[in-house]
Structures are given as C-alpha cells and as structure tokens.
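**Q** Quick note on the numbering used here: the sequence shown kicks off at 733 and runs consecutively.
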Amino acid sequence: MRKVQASRELVAYAIGTIDTPEKFRARRGHLADREWQRMKNNDSQECRNCHDFEFMDFSEQGRRSVAQHSTALASGDKTCVDCHKGVAHRLPDMSGVEGWQ
C-alpha cells in the first residue's frame, strides 16, 4: 500500500516538481509534514514493525524517556513520530510550511 502512495513522489519527479536537488529541498518541508501526518494517522506503524512497545526495556532508557514512554505513548495520546521526527532523516527547514509550529 505504501509503495502505491509513494508513486505520487515519482509523478512529482516526472512532471518536474522535484526533479532537481534545489526543487526537492524547496518542497522537503511540505513532503516531511505530509509524511509525519501519515505516520501519526497509522500510529507510527513503520516504527512499531521493529520497536514494539510491549518489549521496551525501561531499565535501558533514561528517566525522561521512561516518563514519556510509560505515559503518553502507553496511553495512546502520542505515537512515535510525535517526539522522534528527524530520527530516520535529518529534519528539513520547516519555515514557510503552513500549520507548522
């Protein structure tokens, strides 16, 4: 399913929207924001494929991580991408992205 969704990026490349490094960098904030929303909507499924909450070892985490994982994440109030943006990819410049706080 994700591969079909990603085809939009191929179309954008083919029609010239992001066909150069400069154009891609200019759109990167918008693309990242859209991806983060998609991940929030699917409860960060890509993260959870390997990092299952049931198997988190809190004794291996710092106090702050334990506090967040055992409350907001455990209750379902937050999902991985809410706190871990930029883990898999360097954060883009989000200036000019509508709705970004």
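For every residue, glycine included, the Cβ atom is placed at its ideal position computed from N, Cα and C.
None of the values given here were measured: they were computed from a predicted structure.
1) Could you tell me which of Ser776, Arg757, Ala738 and Tyr745 sits nearest to Cys819, measuring between CA atoms?
2) Out of Arg760, Cys779, Met826 and Gly748, which has the shortest C-alpha to C-alpha gap to Thr811?
3) Is it buried or exposed for Ala764, if we count other Cβ within 10 angstroms and need 16 for buried?
4) Note the first and the last residue of the continuous alpha helix (DSSP H) segment covering Val819.
5) Starting from the C-beta of Lys817, find all residues in its chain whose C-beta is less than 7 angstroms away, skip the five residues before and the five after it, and write them out in chain order.
6) Quick one: what does DSSP say Cys782 is sitting in, helix, strand or coil?
**A** A quick look at the data gives this:
1) Correcting the residue type first, residue 819 is Val in the shown sequence and not Cys. Nearest option by C-alpha distance: Ser776.
2) Cys779
3) Here Ala764 is buried, its C-beta having at least 16 other C-beta atoms within 10 Å.
4) Neither: Val819 is in no alpha helix (DSSP H) and is coded neither H nor E.
5) Trp768 and Leu823
6) coil
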